[in-house]
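The next block holds one structure in the form of structure tokens; read it before the comments.
Chains as they are written, first to last, in my numbering: chain A, 1 to 177; chain B, 1 to 177; chain C, 1 to 177.
And the structure:
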């Protein structure tokens, strides 16, 4: 019961059944790179546009794109600070998982995206929030990486754990990205 | 309802329901490396052999293995051409995601695969087509990377977008590879 | 309705059927790095704690963490031996998929994990076995990599193939990690 996330209990019986058939989308966003944030948020927003309930559970490296762009080094202990220095968070600092070429790859990708009208990560994130996509930061990752709620952007759900993500995943289309 | 892709409408009511219950397999093939194409196509072909409807949605780096082997540099603008040069498409040019060692890794893997009777990527792709696996190239990626239908192998479905892939994913086993 | 997990067990007869319908968790563990083993086993063990049937199918690089820590170089032919030398198996030898820094990254991560009470890979693996998570090594990968049952830890299921994994995946939450 307590694991169940936010299904409107106001909906009448038939609506629930209909919802069950179409199912929702739950993405475990683990990676955090530009080329992984793209499919994560494009799939999330497309599913939301199709009327599906969508949850994205940001965990491990996946949490870093949710760090505020104006945030500097994060973390309590030196290892967390060093990690944050090597893997700077925020949508402005995303790398490619391959062919990063010291940042030239992401710059090229962003230029191509603009040219071909593909929304950038910040726009996609804003749209996701507007469309009611639930963005859940992983509490354990926050502890491990030394990230606080103040380090993260606004409009996120309360930090939660694997059990919450798995409960949302039940009966939904699930992807680990 | 209209979102549901390609369910045989000839089947009688109970059969449809049964099929729906066991579900199909939908793979989001994002990666494009040799060691990712292997599980993608082995799982796709195995599921097809088990009688399941299978769809593979090739997106982002995942599109490059579908480029014709006799195709040279692809793309309209220099950034796309450069990308195609650095990340040569086609089943003959696949890398490993780790331990690539300038191509020595893939050569070793292919040798081991031959020795232990594991089909190579080209054979798996041919088999997938023969078995009726739907291979859908992502339209947005084609735009972004400057790939045209002429750049891609024969036997693919019409290019489509995330909505098509998500519709197919409904009720199916879904994997992001 | 049936999508909802973890209803109080006060529910009458249909509860059993409900549980079956909501399905379990099947993870295709392909990657084998420390930062991928973590989500694999944390999700597996969490789902098991929630009473779900859980299967992890270890394939390709994912098989290496299951190699015994006291095992040296594995494989029959020199290419397999070389692979095992470059990609040493066992939970003690796991790398990070990014920011590995010649082993400094994993050491830091393990230190942080200890500090914030996140269980290490060996503990998670032991817990998984205790909780009845089915750990299936991929037969084809074993052949390809030259790994024998004697090379792998105790407590695993019989080696199996893609068909077995896909059968378990039917109706379950599925993730490719």
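By construction, the Cβ of each residue, glycine as well, lies at the ideal position given by its N, Cα and C atoms.
With DSSP run on the structure shown, which of helix, strand or coil describes residue i?
i: residue 21(A); result: Low per-residue confidence applies at residue 21(A): pLDDT is 46, beneath 50, and the placement is therefore not dependable enough to give any value.
i: residue 137(B); result: strand
i: residue 163(B); result: helix
i: residue 91(C); result: helix
i: residue 96(A); result: coil
i: residue 152(C); result: strand
i: residue 27(B); result: strand
i: residue 158(B); result: coil
Suppose the cutoff is 7 Å on Cβ atoms and the five residues either side in sequence are ignored; what does the same chain contact list for residue i look like?
i: residue 146(A); result: 74, 75, 76, 77, 80
i: residue 160(B); result: 136, 139
i: residue 153(C); result: 66, 68
i: residue 62(B); result: 29, 30, 31, 32
i: residue 110(A); result: 120
i: residue 64(A); result: 32, 87, 89
i: residue 37(A); result: 65, 94, 121
i: residue 172(C); result: 23, 24, 25, 26
Quick one: residues in its chain with C-beta nearer than 6 Å to the C-beta of residue i, no 5 flanking neighbours on either side, listed in chain order?
i: residue 165(A); result: 57
i: residue 52(B); result: 24, 25
i: residue 59(A); result: 30, 138, 141
i: residue 47(C); result: 25, 54
i: residue 28(B); result: 57, 176
i: residue 122(C); result: 91
i: residue 210(A); result: Limits of chain A in this structure are 1 at one end and 177 at the other, which puts residue 210(A) out of reach.
i: residue 108(C); result: none
Between the options, which lies nearest to residue i when the distance is taken from Cα to Cα?
i: residue 85(A); options: 95(C), 34(C), 99(C), 88(C); result: 99(C)
i: residue 83(C); options: 95(B), 104(B), 82(B), 83(B); result: 104(B)
i: residue 102(C); options: 112(C), 87(C), 113(C); result: 87(C)
i: residue 90(A); options: 49(A), 33(A), 39(A), 172(A); result: 33(A)
i: residue 131(C); options: 30(C), 28(C), 35(C), 43(C); result: 43(C)
i: residue 69(B); options: 125(B), 168(B), 109(B), 141(B); result: 125(B)
i: residue 133(B); options: 148(B), 39(B), 45(B), 64(B); result: 45(B)
i: residue 114(A); options: 144(B), 114(B), 113(B), 148(B); result: 144(B)
i: residue 41(C); options: 128(C), 71(C), 72(C); result: 128(C)
i: residue 39(B); options: 163(C), 36(C), 108(C); result: 163(C)
In the DSSP assignment, find the beta strand (DSSP E) that holds residue i and state where it starts and stops.
i: residue 42(B); result: Note, residue 42(B): premise wrong, no beta strand (DSSP E); alpha helix (DSSP H) at 34–49.
i: residue 83(C); result: Taken as a continuous stretch (DSSP letters only), residue 83(C) belongs to no beta strand (DSSP E), being part of the alpha helix (DSSP H) at 78–86.
i: residue 175(A); result: 173–176
i: residue 58(C); result: 54–58
Let's see if you can read the secondary structure: which residues bound the alpha helix (DSSP H) around residue i?
i: residue 112(B); result: 104–115
i: residue 124(A); result: 121–130
Please return the same chain residues whose Cβ sits closer than 8 Å to the Cβ of residue i, not counting the five positions on each side in sequence.
i: residue 106(C); result: 34, 94, 95, 96, 100
i: residue 158(A); result: 136
i: residue 151(B); result: 67, 68, 71, 74, 89
i: residue 155(A); result: 129, 135
i: residue 116(C); result: none
TODO: Taking only beta carbons into account, state which residues of the stretch 98–114 of chain A come closer than 9 Å to chain B, listed in chain order.
DONE: Within the stretch 98–114 of chain A, the qualifying residues are 98, 99, 101, 105, 108, 109, 111, 112, 113.
Open item on the list: Output needed in chain order: residues of the stretch 140–174 of chain C with a Cβ under 9 Å from some Cβ in chain B.
Closed with: 140, 143, 144, 145, 146, 161, 162, 163, 165, 166, 167, 169, 170, 171, 172, 174
Task: Chain-ordered residues of the stretch 23–42 of chain C with a beta carbon less than 7 Å from chain B - done: Taking 7 Å as the Cβ-Cβ cut-off against chain B, the residues of the stretch 23–42 of chain C that qualify are 28, 30.
Open item on the list: Which residues of the stretch 70–83 of chain A have a Cβ closer than 8 Å to any Cβ of chain C? Give them in chain order.
Closed with: 77, 79, 80, 82, 83
TODO: With 7 Å as the limit, tell me which residues of the stretch 47–61 of chain B have their beta carbon closer than that to any beta carbon of chain C; keep them in chain order.
DONE: 47, 50
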